[in-house]
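Take any residue in the sequence shown, count from 1 to its spot, add 125: that is its number in our numbering.
Okay, so here's the structure we're looking at.
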Amino acid sequence: MSAATAQRKSAFSCDQCRKRKVKCGAEQPRCARCIARKETCEYKLNPTLSYTQNLEERVKELEDRLASAQAKEYVLSPASAAAPSPSSTAMVEMLPRTQAKRTYSGATKGLKVDAKGAVTYHGATSFFQLPTSDLNRARGPPERGSIFKILDENDLRKEKLVNNAWHQRALEAFLDTPEPFQFLLNIHWCWIQPLFNFVYRPAFTRDMEDLGPYYSHTLLNAILSHSARWCKQNKEVQKLLEPYENGALFSRQARSLIFSDLSSGHSTVPTVQTLLLLSAQECSAGNRTQAWLYSGMAFRLIEDMGITFTADGGHSELNLEDEDVEIRQRLLWSCYFWDKMISLYMGRTPMLQHSGLGPDEIICQFPHSSLRVIADVSPSRCQVTDAHRLSGRLC
Numbered sequence: 126m127s128a129a130t131a132q133r134k135s136a137f138s139c140d141q142c143r144k145r146k147v148k149c150g151a152e153q154p155r156c157a158r159c160i161a162r163k164e165t166c167e168y169k170l171n172p173t174l175s176y177t178q179n180l181e182e183r184v185k186e187l188e189d190r191l192a193s194a195q196a197k198e199y200v201l202s203p204a205s206a207a208a209p210s211p212s213s214t215a216m217v218e219m220l221p222r223t224q225a226k227r228t229y230s231g232a233t234k235g236l237k238v239d240a241k242g243a244v245t246y247h248g249a250t251s252f253f254q255l256p257t258s259d260l261n262r263a264r265g266p267p268e269r270g271s272i273f274k275i276l277d278e279n280d281l282r283k284e285k286l287v288n289n290a291w292h293q294r295a296l297e298a299f300l301d302t303p304e305p306f307q308f309l310l311n312i313h314w315c316w317i318q319p320l321f322n323f324v325y326r327p328a329f330t331r332d333m334e335d336l337g338p339y340y341s342h343t344l345l346n347a348i349l350s351h352s353a354r355w356c357k358q359n360k361e362v363q364k365l366l367e368p369y370e371n372g373a374l375f376s377r378q379a380r381s382l383i384f385s386d387l388s389s390g391h392s393t394v395p396t397v398q399t400l401l402l403l404s405a406q407e408c409s410a411g412n413r414t415q416a417w418l419y420s421g422m423a424f425r426l427i428e429d430m431g432i433t434f435t436a437d438g439g440h441s442e443l444n445l446e447d448e449d450v451e452i453r454q455r456l457l458w459s460c461y462f463w464d465k466m467i468s469l470y471m472g473r474t475p476m477l478q479h480s481g482l483g484p485d486e487i488i489c490q491f492p493h494s495s496l497r498v499i500a501d502v503s504p505s506r507c508q509v510t511d512a513h514r515l516s517g518r519l520c
């Protein structure tokens with residue numbers, strides 16, 4: 126072997142090793158020699174031809190996927206394509222709240238609205254599931270004659286929900302809630318809600334004023350009784366809680382009212398949220414049997430409401446608003462998280478195991494230099510509900 130061949134430098138040698146004319150291991154992000162000398166390790170040479178070709182192939186693959194996705198997602202009719210698109214974003218901001226409703230379509234069968242107006246689910250083998258005609262199956266896709274179809278529906282939906290949440294938070298300042306109830310509610314939103322995410326705050330505070338569908342006295346008593354644990358060191362609040370037996374009255378009312386709600390046979394979101402809060406409260410008190418029973422009833426109720434199958438509102442017979450879909454999704458993943466948590470705590474088998482739903486996926490943007498490392502990583506949804514799903518993998 127000639128001297129020139131022996132001293133040939135590696136194409137991936139760092140700058141410090143080239144200056145010292147020593148062999149470089151080309152480790153990433155720093156070579157072993159630079160780590161031992163505590164020096165800055167830099168690779169200043171141009172990448173090899175094979176590395177450049179891999180990057181070009183990856184870019185072409187992503188461009189093809191993006192083009193095919195845009196062709197499927199943003200197909201406009203001739204009438205809507207002729208409309209001016211630059212002002213579409215500004216027009217969406219001026220839409221009233223009544224136009225926030227949209228129809229979700231999907232292939233899931235069995236989710237219907239009963240005579241009482243509640244959403245229930247019955248499978249194909251159920252007595253309540255009648256055979257459908259071929260005419261219903263032959264219905265074509267909905268028309269896309271609106272110019273707003275060109276906008277990203279997911280981003281538009283998120284923007285509406287965020288704006289509505291900020292609007293409701295601003296209105297909370299004008300609520301005249303007496304003490305100690307306001308203090309207990311603040312405790313819940315500060316310490317309990319971020320941990321469990323059982324209750325959707327904008328809908329609860331809004332419906333608390335007009336007794337809407339996402340509020341119930343049972344749920345309020347469960348929130349107050351759970352928050353009373355954080356008030357033991359506050360002497361002023363303790364004095365205000367003395368007429369309510371230091372919060373024990375709220376607990377008894379929540380337990381008595383929940384069985385009244387269940388006896389009516391009407392499954393509602395506040396009922397499920399109350400059962401989850403009672404389960405967490407009993408678990409903190411060491412009452413394992415009660416906590417297990419309350420959580421089991423909550424999981425059965427969301428299955429009865431069809432949330433475990435159609436939390437995204439995917440059914441052609443339902444007209445759900447964006448807020449309704451968001452609440453159903455949050456409730457599903459909150460139940461999923463709590464099911465895994467309490468099953469892990471008690472060493473038992475989780476109940477929520479089979480469901481075709483999953484958090485929405487996004488395309489993560491990474492630098493081109495790290496494509497080789499993350500090529501096999503699946504994208505994930507960057508939201509609180511996805512955090513619950515990832516935490517649920519512990520069990």
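Quick reminder that beta carbons are idealized off the backbone N, C-alpha and C, glycines included.
For clarity, every value in this text was computed on a predicted model and none was experimentally measured.
Counting only the same chain and skipping the five closest in sequence on each side, list residues whose C-beta sits under 8 Å from that of residue i.
{"i": "residue 387", "result": "396 and 422"}
{"i": "residue 159", "result": "139, 141, 142, 165 and 166"}
Does DSSP put residue i in a helix, a strand or coil?
{"i": "residue 324", "result": "coil"}
{"i": "residue 410", "result": "coil"}
{"i": "residue 333", "result": "helix"}
{"i": "residue 356", "result": "helix"}
{"i": "residue 181", "result": "helix"}
{"i": "residue 165", "result": "coil"}
{"i": "residue 138", "result": "coil"}
{"i": "residue 299", "result": "coil"}
{"i": "residue 474", "result": "coil"}
{"i": "residue 391", "result": "coil"}
{"i": "residue 150", "result": "coil"}
{"i": "residue 496", "result": "Confidence at residue 496 is low in this model, with a pLDDT of 37, below 50, so its placement is unreliable and no value can be given for it."}
{"i": "residue 368", "result": "helix"}
{"i": "residue 339", "result": "coil"}
{"i": "residue 399", "result": "helix"}
{"i": "residue 304", "result": "coil"}
{"i": "residue 433", "result": "helix"}
{"i": "residue 282", "result": "helix"}
{"i": "residue 143", "result": "helix"}
{"i": "residue 156", "result": "coil"}
Sorted by chain position, which residues of the same chain lie with C-beta nearer than 7 Å to residue i's C-beta, five sequence neighbours on each side aside?
{"i": "residue 316", "result": "355"}
{"i": "residue 258", "result": "Low local confidence applies: a pLDDT of 41 at residue 258 is under 50, so the model's placement there is unreliable, and no value is given."}
{"i": "residue 416", "result": "404, 407, 408 and 467"}
{"i": "residue 475", "result": "464, 465, 468 and 520"}
{"i": "residue 293", "result": "327, 330 and 331"}
{"i": "residue 433", "result": "427, 457, 477 and 480"}
{"i": "residue 424", "result": "460, 464, 476 and 477"}
{"i": "residue 286", "result": "447, 448 and 451"}
{"i": "residue 337", "result": "331"}
Flag residue i as yes if its beta-carbon sits less than 8 Å from any beta-carbon of chain C, otherwise no.
{"i": "residue 286", "result": "Protein chains in the displayed structure number just one, and chain C is not present."}
Near residue i, what residues of its chain come up, given a Cβ to Cβ distance below 6 Å and the 5 sequence neighbours on each side ignored?
{"i": "residue 344", "result": "395, 398 and 399"}
{"i": "residue 190", "result": "none"}
{"i": "residue 169", "result": "140"}
{"i": "residue 297", "result": "330"}
{"i": "residue 334", "result": "none"}
Original post:
At a cut of 8 Å, does the region 299-312 reach the region 457-471 through at least three beta carbon pairs?
Top reply: By the Cβ criterion, the region 299-312 is not in contact with the region 457-471, since fewer than three pairs of Cβ atoms, one from each stretch, lie closer than 8 Å.
* Between the region 296-311 and the region 361-371, do three or more beta carbon pairs fall short of 8 Å? -> Two segments are said to touch when three or more pairs of C-beta atoms, one from each, lie closer than 8 Å; by this definition the region 296-311 touches the region 361-371.
(request) Pair every Cβ in the region 373-384 with every Cβ in the region 339-356, then say whether three or more of these pairs are closer than 8 Å. (result) They touch, by the three-pair rule.
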